[in-house]
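Enquirer: Encoded as structure tokens, here's the structure I'll be asking about.
Protein chains: 2
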Amino acid sequence: MTQDIRTEPAARRPGGRSARVRGAVLDTTLRELAEVGYAALSLEAIAQRAGVNKTTLYRRWGSREGLVLNAMLERGQREVPIPDTGSLRGDLAAYATEIVVASRTPVVEATIRTVASVGDREPRIADASRGFWRTRFEFAGEVVRRAIARGEVPPDTDPNLVVETVVASVYFRLLLSGDELDDGYVDRLAAFVAAGASAAGGAQR
Amino acid sequence: MTQDIRTEPAARRPGGRSARVRGAVLDTTLRELAEVGYAALSLEAIAQRAGVNKTTLYRRWGSREGLVLNAMLERGQREVPIPDTGSLRGDLAAYATEIVVASRTPVVEATIRTVASVGDREPRIADASRGFWRTRFEFAGEVVRRAIARGEVPPDTDPNLVVETVVASVYFRLLLSGDELDDGYVDRLAAFVAAGASAAGGAQR
DNA sequence: CCCTAAAGCAACGGCGCGTTGCAATAGAGT
DNA sequence: ACTCTATTGCAACGCGCCGTTGCTTTAGGG
Chain A
1 MTQDIRTEPA ARRPGGRSAR VRGAVLDTTL RELAEVGYAA LSLEAIAQRA
51 GVNKTTLYRR WGSREGLVLN AMLERGQREV PIPDTGSLRG DLAAYATEIV
101 VASRTPVVEA TIRTVASVGD REPRIADASR GFWRTRFEFA GEVVRRAIAR
151 GEVPPDTDPN LVVETVVASV YFRLLLSGDE LDDGYVDRLA AFVAAGASAA
201 GGAQR
Chain B
206 MTQDIRTEPA ARRPGGRSAR VRGAVLDTTL RELAEVGYAA LSLEAIAQRA
256 GVNKTTLYRR WGSREGLVLN AMLERGQREV PIPDTGSLRG DLAAYATEIV
306 VASRTPVVEA TIRTVASVGD REPRIADASR GFWRTRFEFA GEVVRRAIAR
356 GEVPPDTDPN LVVETVVASV YFRLLLSGDE LDDGYVDRLA AFVAAGASAA
406 GGAQR
């Protein structure tokens with residue numbers, strides 16, 4: 001979401017009705033996505049619920065994918081705070097918990113599932129997701145850099161790998177295995193990954 | 206896929222036409238799923254390509270979800286061989302590579318994406334996926350048990366956690382971040398997780 | 001060689017798709 | 001206040017797929 005993915009004509013009349021329509025449509029799109037899922041998403045239903053004509057959707061966003069992408073970009077800027085508990089293990093556990101909580105929000109969950117389902121055939125959506133995770137990992141890498149500064153893990157530790165491993169495990173359970181995402185698991189996961197970082201630095205070659 | 210998820214009337218005439226129809230439909234379903242994705246899946250198209258009447262699909266499988274589920278169950282029995290390289294790190298790298306290769310098969314990738322996209326609103330599909338991963342992890346845990354036997358990792362190491370962490374990372378890149386899944390990454394991942402197991406045993410408490 | 005389970009066939013109303021031509025409206029610039 | 005034009009609304013279109021129904025045909029198990 002850092003790079004400028006132009007998917008919508010620049011607003012020449014940014015104020016007033018256009019902006020209202022835009023906001024209503026994007027909000028409604030995410031709500032519908034959360035309620036019925038991407039496979040059953042109906043542009044007619046979105047238009048109706050948003051109090052907008054169907055024609056407007058096609059004229060402004062071109063296609064279902066364009067609309068969904070813009071809705072996700074608009075409302076997907078959620079920043080997740082970087083914890084600072086004093087230990088890598090604690091930070092990873094706290095961060096994982098934040099991810100779990102966020103991923104249980106219907107809109108967030110629907111967004112993730114949509115990306116997973118169309119990531120191979122909608123390059124613009126895949127690109128947006130890639131950018132999103134890239135920046136998110138850059139921020140979250142802070143917990144590893146602090147651990148390095150504390151001497152808790154080797155200086156050649158790869159922050160990305162550490163954070164990615166934690167995040168990946170959470171989403172695997174959410175999307176595929178369906179196993180529980182309780183505090184017990186989060187703690188064990190954080191301990192395990194933190195131990196790996198201490199031992200290997202995540203940059204073994 | 207171990208437990209008996211009955212989603213289809215028991216075949217009273219298992220030989221001959223019924224079996225042929227069944228096979229053709231399930232094959233075609235997965236092919237279509239791979240080509241157009243779950244969101245655009247058309248039962249009419251499946252029937253036509255399979256040389257079967259549309260009515261048959263609804264009478265036998267009831268709904269789109271039932272059909273997709275059975276297709277996945279039927280053809281999803283893929284066994285992944287458990288590597289034995291002599292070291293946990295080597296085994297995990299080999300296993301991860303197998304997963305990467307398998308996940309690039311169009312049918313397998315389509316299946317995974319389908320599960321991820323409807324896992325929250327199709328309990329039968331979610332259950333099947335859960336069972337699939339449970340048994341797969343049980344088998345793959347062998348690499349960890351051997352590492353324990355070799356004294357490479359602590360005896361209280363949790364085999365599931367170790368294997369799951371590796372698998373999860375692969376699927377995260379495939380489904381969400383889109384980052385590369387080359388040998389370099391697989392090696393770093395395997396080294397990192399193996400180091401975590403050596404240090405923590407994955408069962409910290 | 002039967003006879004019945006299973007598959008084929010034809011048609012149904014309904015709905016969402018994506019597009020089109022034209023009318024209404026609202027907001028930005030003067 | 002007044003344009004004037006970008007934007008939205010509106011109505012209607014053909015199309016394809018949905019999921020179902022009643023009936024006929026067929027094939028394979030006994």
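Taken in sequence, the protein lines are chains A and B. Under the working numbering, the letters of the first sequence match residues 1 to 205, in that order. Under the working numbering, the letters of the second sequence match residues 206 to 410, in that order. Backbone N, C-alpha and C define an ideal beta-carbon position, used for all residues, glycine too. Note that the structure is predicted; figures quoted are calculated from it, not measured.
Judging by CA-CA distance, which residue of A:162, A:118, A:77 is the nearest neighbour of residue 199 of chain A?
Expert: In the first sequence, counting from the first residue as 1, residue 199 of chain A sits at position 199. Measuring from the Cα of residue 199 of chain A, the nearest candidate turns out to be A:162.
Enquirer: So what does DSSP say about residue 258 of chain B, is it helix, strand or coil?
Expert: Translated into the one-based positions of the second sequence, residue 258 of chain B becomes position 53. Coil.
Enquirer: Tell me which residue opens and which closes the alpha helix (DSSP H) that residue 331 of chain B is part of.
Expert: As a first step, residue 331 of chain B must be located in the second sequence, where it is residue number 126. For residue 331 of chain B, the enclosing alpha helix (DSSP H) stretches over residues 328–345.
Enquirer: Where does residue 243 of chain B fall in DSSP's three states?
Expert: Taking the second sequence and counting its residues from 1, one reaches residue 243 of chain B at position 38. DSSP places residue 243 of chain B in coil when its eight states are reduced to three.
Enquirer: Report the option in A:139, A:40, A:131, A:107 whose CA atom is closest to the CA atom of residue 383 of chain B.
Expert: Translated into positions along the second sequence, residue 383 of chain B becomes position 178. For residue 383 of chain B, the nearest C-alpha among the options comes from A:131.
Enquirer: On the premise that residue 136 of chain A lies in contact with residue 69 of chain A, defined as a C-beta separation below 8 Å, what is that separation, rounded to the nearest angstrom?
Expert: Along the first sequence, one-based indexing puts residue 69 of chain A at 69. Along the first sequence, one-based indexing puts residue 136 of chain A at 136. Not quite, the Cβ-Cβ distance comes to about 18 Å (not below 8 Å), so this is no contact.
Enquirer: When the Cα of residue 191 of chain A is compared with those of A:91, A:129, A:113, which residue comes out closest?
Expert: Translated into the one-based positions of the first sequence, residue 191 of chain A becomes position 191. Taking only the C-alpha atoms, the option nearest residue 191 of chain A is A:91.
Enquirer: For the alpha helix (DSSP H) holding residue 183 of chain A, just list the boundary residues, first then last.
Expert: Against the first sequence, residue 183 of chain A aligns to sequence position 183. That run of the alpha helix (DSSP H) goes 183–200.
Enquirer: Report yes or no: is there a C-beta of chain A within less than 9 Å of the C-beta of residue 402 of chain B?
Expert: Translated into positions along the second sequence, residue 402 of chain B becomes position 197. Answer yes: the Cβ-Cβ gap between residue 402 of chain B and chain A drops below 9 Å somewhere.
Enquirer: Is the Cβ of residue 366 of chain B closer than 9 Å to any Cβ of chain A?
Expert: Position 161 of the second sequence, counted from the start, is the residue given in the question as residue 366 of chain B. Yes, residue 366 of chain B counts as interfacial toward chain A.
Enquirer: Between the alpha carbons of residue 308 of chain B and residue 380 of chain B, how many angstroms are there, rounded?
Expert: As a first step, residue 308 of chain B is located in the second sequence; it is residue number 103 there, counting from the start. As a first step, residue 380 of chain B is located in the second sequence; it is residue number 175 there, counting from the start. Roughly 10 Å between the two C-alpha positions.
Enquirer: Can you find the residues in the same chain that come closer than 6 Å, C-beta to C-beta, to residue 348 of chain B, ignoring five residues on each side of it along the sequence?
Expert: On the second sequence, residue 348 of chain B is found 143 positions in, with the first residue counted as 1. The residues are 296.
Enquirer: Taking all protein chains shown into account, do 16 or more other C-beta atoms lie within 10 angstroms of the C-beta of residue 284 of chain B, making it buried, or fewer, making it exposed?
Expert: The residue given as residue 284 of chain B occupies position 79 in the second sequence. Per the 10 Å Cβ criterion, exposed.
Enquirer: Answer with buried or exposed for residue 389 of chain B, where buried requires no fewer than 16 other C-beta atoms within 10 angstroms of its C-beta.
Expert: Taking the second sequence and counting its residues from 1, one reaches residue 389 of chain B at position 184. Burial is judged here by how many other beta carbons sit within 10 angstroms of a residue's own beta carbon; residue 389 of chain B has fewer than 16 and is exposed.
Enquirer: Would you give the residue range spanned by the alpha helix (DSSP H) that residue 209 of chain A belongs to?
Expert: Residue 209 of chain A is absent from the model: chain A starts at 1 and stops at 205.
Enquirer: State yes or no: is the beta carbon of residue 318 of chain B nearer than 9 Å to at least one beta carbon in chain A?
Expert: Locating residue 318 of chain B in the second sequence gives position 113, where the first residue counts as 1. Chain A, which has a Cβ nearer than 9 Å to the Cβ of residue 318 of chain B, makes this yes.
Enquirer: Which bits of chain A does residue 147 of chain B rub up against, with CB to CB less than 8 Å?
Expert: Because chain B in this structure spans residues 206 to 410, residue 147 of chain B falls outside the shown range and cannot be described.
Enquirer: Would you say residue 300 of chain B faces chain A, with C-beta separation under 9 Å as the test?
Expert: Residue numbering aside, residue 300 of chain B sits at position 95 when the second sequence is read from its first letter. Not one chain A Cβ lies under 9 Å of residue 300 of chain B.
Enquirer: Using three-state DSSP, classify residue 306 of chain B as helix, strand or coil.
Expert: Translated into the one-based positions of the second sequence, residue 306 of chain B becomes position 101. Correct three-state label for residue 306 of chain B: helix.
Enquirer: Quick one: is residue 130 of chain A near chain B, going by C-beta distance under 9 Å?
Expert: Walking along the first sequence from the start, residue 130 of chain A turns up at place 130. Taking Cβ atoms only, chain B reaches closer than 9 Å to residue 130 of chain A, which makes this a yes.
Enquirer: So residue 357 of chain B is in the alpha helix (DSSP H); what residue range does that whole segment cover?
Expert: Position 152 of the second sequence, counted from the start, is the residue given in the question as residue 357 of chain B. Premise fails: residue 357 of chain B is in no alpha helix (DSSP H) and is neither H nor E.
Enquirer: Just to confirm, is the Cβ distance from residue 391 of chain B to residue 370 of chain B under 9 Å?
Expert: As a working note, residue 391 of chain B is residue 186 in the second sequence. As a working note, residue 370 of chain B is residue 165 in the second sequence. Result no, Cβ atoms of residue 391 of chain B and residue 370 of chain B do not sit closer than 9 Å.
Enquirer: Would the region 317–328 of chain B count as touching the region 30–44 of chain A if we require 3 or more Cβ pairs under 8 Å?
Expert: yes
Enquirer: Just by C-beta distance, which residues in the region 263–275 of chain B are closer than 8 Å to chain A?
Expert: none
Enquirer: Applying a beta-carbon distance threshold of less than 9 Å, which residues of chain A neighbour residue 283 of chain B?
Expert: Working through the second sequence from its first residue, we reach residue 283 of chain B at position 78. Going along chain A, no residue has its Cβ under 9 Å from residue 283 of chain B, so there is no contact; the nearest lies around 15 Å.
Enquirer: Would you kindly check if the distance between the Cβ of residue 169 of chain A and the Cβ of residue 315 of chain B is under 9 Å?
Expert: For the purposes of this step, residue 315 of chain B is taken as residue 110 along the second sequence, with counting starting at 1. For the purposes of this step, residue 169 of chain A is taken as residue 169 along the first sequence, with counting starting at 1. The answer is no: Cβ separation not under 9 Å.
Enquirer: Starting from residue 177 of chain A and walking both ways along the alpha helix (DSSP H), at which residues does that stretch end?
Expert: In the first sequence, residue 177 of chain A corresponds to position 177, counting from 1. Premise fails: residue 177 of chain A is in no alpha helix (DSSP H) and is neither H nor E.
Enquirer: Would you give the residue range spanned by the alpha helix (DSSP H) that residue 288 of chain B belongs to?
Expert: Here residue 288 of chain B refers to the residue found at position 83 when the second sequence is read from its first residue. Unbroken run through residue 288 of chain B: none, as it is neither H nor E.
Enquirer: Which residues of chain A have a Cβ atom closer than 9 Å to the Cβ of residue 296 of chain B, listed in chain order?
Expert: Position 91 of the second sequence, counted from the start, is the residue given in the question as residue 296 of chain B. Simply none; closest approach about 15 Å.
Enquirer: Counting Cβ pairs closer than 8 Å, one from the region 45–56 of chain A and one from the region 18–29 of chain A, do we hit at least three?
Expert: yes
Enquirer: Rounded C-beta distance between residue 141 of chain A and residue 159 of chain A? I'm assuming under 8 Å.
Expert: Start at 1 with the first residue of the first sequence, and residue 141 of chain A comes out as number 141. Start at 1 with the first residue of the first sequence, and residue 159 of chain A comes out as number 159. That pair is a contact at about 3 Å.
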